[in-house]
Each structure stands twice: as C-alpha cells, then as structure tokens.
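Trainee: For the sequence shown, counting from 1, position 3 maps to 1236 in my numbering; every step adds exactly one.
Ideal Cβ positions, reconstructed from N, Cα and C, are used throughout, including at glycine.
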Amino acid sequence: MMLPYIYRWDRQGRKGQPCAMTARSKPCAASFSLPGFGRAKPARFNSIRVEFADGYAMVTSGNAIRKAKP
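Spelled out as structure tokens, the structure:
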C-alpha cells in the first residue's frame, strides 16, 4: 500500500504517521460564487477518509494531511 501523505494532527496518537487518502467528499448541488472571481463552483465538504499502514481508518479534515516529502 502506497502512503503518499503524512498525518499532521495529534488525534488518536497518529501524528507524523504516513497515510493514504481513500475517499473524499463529493461536490454538493449547492454552489457558491463571489462577484468578479470567475465561475461558480460546486460546494465540497473538506472531509476525507484516511487509512494507515496498520489498517486503521478514520474520517478527518483535509487540513490534517500533507504530501510526504520524497
């Protein structure tokens, strides 16, 4: 299993562990736009599912992971 991300938050004792993003929230029917900033985009929640090397999986924020440095 390839683990291209690092979990950054101190939740469940997983800070600094490599992980893989296995799911991401779908765009919703609602959309948002700001005048003068291009086209409206579908709203998307920032929820993701991550899985660690030992098989543990959790749903968390997309802000909780970063790409691992090579």
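Distance check for GLY1269 and ALA1286, CA to CA, integer angstroms please.
Mentor: Here residue 1286 refers to the residue found at position 53 when the sequence shown is read from its first residue. Here residue 1269 refers to the residue found at position 36 when the sequence shown is read from its first residue. Each residue's alpha carbon lies about 45 Å from the other.
Trainee: Can you check which of these residues, LYS1274, VAL1283 and ASN1279, is closest to ARG1244 by C-alpha distance?
Mentor: As a first step, residue 1244 is located in the sequence shown; it is residue number 11 there, counting from the start. For the residues LYS1274, VAL1283 and ASN1279, the minimum Cα distance to ARG1244 belongs to VAL1283.
Trainee: Taking the beta strand (DSSP E) that PHE1285 falls in, what are its first and last residues?
Mentor: Counting from 1 along the sequence shown, the entry for residue 1285 is found at position 52. Start and end: 1280-1285.
Trainee: The beta strand (DSSP E) with PRO1275 in it runs from where to where?
Mentor: On the sequence shown, position 42 is the one that residue 1275 refers to. It spans 1274-1277 - the beta strand (DSSP E) in which PRO1275 sits, taken as one unbroken run.
Trainee: With a cut-off of 8 Å on the beta carbons, I'd call PRO1251 and ALA1301 a contact; round off their distance for me.
Mentor: Numbered from its first residue, the sequence shown carries residue 1251 at position 18. Numbered from its first residue, the sequence shown carries residue 1301 at position 68. Confirmed, Cβ separation roughly 6 Å.
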